[in-house]
Amino acid sequence: MKKLLIITGPQGSGNHMWSKVLAHTPSVQGWTNLTKEYWISHKFEPMNDIWQDPSLFATTDFPYDNYVTSISNPYTHKGPRLIEYWQNPKYNEFISNAKQAGFEVKLAILGRDQNILEYQQTRVRGKHSTPVFMQSLDELMKHTPVFLSNELLHLYRTHYLKNISALLDFPIEIDEATLDDILKDNANKKYLQPIDNYWLDDTMLSQSTDSNNTL
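Structural data, given as structure tokens:
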């Protein structure tokens, strides 16, 4: 049976990054144009038209065995700050039509640090939009999703991808050099800054040097 992996999450949670990673697997049909660019608007995602009208599954040819598609929630084709044009993906309709077209559907939910998401969405979108996605979470949980972490991918890299591949029963194959290139610009760094001192530091230091302390 053909497999379709849907990756979705709040705006800014890693749709583009994960799309690049997954599209590098030779046996997976994904957002291949994105592998040649740093960023492309989501209106150019290969299944964009089907997200708009899931009935197109019935009239679209799918000659390959494995596909991946990406969408954020909310999304818009009218510009990121035009909140009045934000749309919620038609998850149930999309999944139902995919199954009728002969796909085994896999679902992965993307995640990123909640504070960074709020900073990023407010800066780029003009409004914190994670709560919009959270309204769909109960609906998505019915499809037994696997959660994908932006931070864990940067930390554990190919080890994490092997784990995700096993959990999803979906091929994920990428070489270290290509993964290095995709992850070279950690998008979290611009939101982080070092601190000189934290109140707990002195407490930890005093306890670690206290000769009366025993385990």
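Here the sequence shown stands for residues 1062 to 1276, where the numbers follow our numbering.
In this text, a Cβ means the ideal position worked out from N, Cα and C, and glycines have one as well.
query = Is DSSP giving Ser1133 helix, strand or coil here?
reply = As a position in the sequence shown, residue 1133 is number 72, starting the count at 1. Assignment of Ser1133 by DSSP, reduced to helix, strand and coil, places it in the strand class.
request  = Starting from Lys1063, follow the beta strand (DSSP E) in both directions and report where the run begins and ends.
outcome  = As a working note, residue 1063 is residue 2 in the sequence shown. Lys1063 -> beta strand (DSSP E) spans Lys1063 to Gly1070.
request  = Spatial neighbours of Tyr1180 within its chain, please: CB distance less than 6 Å, with the 5 preceding and 5 following residues excluded, ordered by chain position.
outcome  = Position 119 of the sequence shown, counted from the start, is the residue given in the question as residue 1180. Apart from the 5 residues on each side of it in sequence, Tyr1180 sits with its Cβ closer than 6 Å to the Cβ of Tyr1252 in its chain, given in chain order.
query = Between Thr1069 and Tyr1259, what straight-line distance do the alpha-carbon atoms span, to the nearest angstrom?
reply = Working through the sequence shown from its first residue, we reach residue 1069 at position 8. Working through the sequence shown from its first residue, we reach residue 1259 at position 198. Just so you know, the alpha carbons of Thr1069 and Tyr1259 end up roughly 36 Å apart.
message = So, at 6 Å on beta carbons, what are the nonlocal neighbours of Ile1156 in its own chain, with the 5 sequence-adjacent residues on each side left out?
response = Here the question's residue 1156 lines up with position 95 in the sequence shown. For Ile1156, where only same-chain residues beyond five positions count, the Cβ hits under 6 Å are Val1166.
task = Please confirm whether any heavy atom of the ligand NAD lies closer than 8 Å to the CB of Asp1126.
result = You won't find the ligand NAD in this model; it holds no ligand whatsoever.
query = How would you label Glu1077, buried or exposed, when you count the other beta carbons within 10 angstroms and need 16 or more for buried?
reply = Taking the sequence shown and counting its residues from 1, the one referred to as residue 1077 is at position 16. Note that residue 1077 is His in the sequence shown, not Glu. Buried, by the Cβ-count rule.
ask   = So what does DSSP say about Glu1212, is it helix, strand or coil?
value = The residue given as residue 1212 occupies position 151 in the sequence shown. When DSSP states are grouped into helix, strand and coil, Glu1212 belongs to the helix group.
task = Return yes when the Cβ of Gly1091 is within less than 9 Å of the Cβ of Pro1107, no when it is not.
result = By 1-based counting over the sequence shown, the position of residue 1107 is 46. By 1-based counting over the sequence shown, the position of residue 1091 is 30. With a cutoff of 9 Å on beta-carbon distance, Pro1107 and Gly1091 are scored as near each other.
request  = Give a yes or no on contact between the segment 1129-1137 and the segment 1179-1197, applying the rule of three or more CB pairs nearer than 8 Å.
outcome  = Yes, the segment 1129-1137 touches the segment 1179-1197.
ask   = How big is the Cα-Cα spacing for Asn1249 and Ser1088?
value = Position 188 of the sequence shown, counted from the first residue, corresponds to residue 1249. Position 27 of the sequence shown, counted from the first residue, corresponds to residue 1088. If I take the Cα positions, the gap works out to 30 Å.
ask   = Considering only residues of the segment 1147-1180, which uninterrupted beta strand (DSSP E) runs meet the minimum length of 3 residues and lie entirely inside it, listed in chain order?
value = 1164-1172, all fully within the segment 1147-1180.
ask   = Buried or exposed: Val1129, going by 16 or more other Cβ atoms within 10 Å of its Cβ?
value = Position 68 of the sequence shown, counted from the start, is the residue given in the question as residue 1129. Only buried fits Val1129, as 16 or more other CB atoms lie within 10 angstroms of its CB.
query = Looking only at DSSP bridge pairs, what is Tyr1221 linked to?
reply = Your numbering for residue 1221 matches position 160 in the sequence shown. Tyr1221 pairs with nothing; no bridge assigned.
ask   = Thinking C-beta only, is Ile1243 closer than 9 Å to Thr1086?
value = By 1-based counting over the sequence shown, the position of residue 1086 is 25. By 1-based counting over the sequence shown, the position of residue 1243 is 182. At least 9 Å separates the beta-carbon of Thr1086 from that of Ile1243.
Same chain, Cβ closer than 6 Å to His1204, neighbours up to 5 away in sequence not counted = As a first step, residue 1204 must be located in the sequence shown, where it is residue number 143. Cβ within range, chain order: Leu1168.
task = Answer yes or no: does any C-beta atom of chain C fall closer than 9 Å to that of Lys1151?
result = Given the protein chain composition of this structure (a single chain), no chain C is represented.
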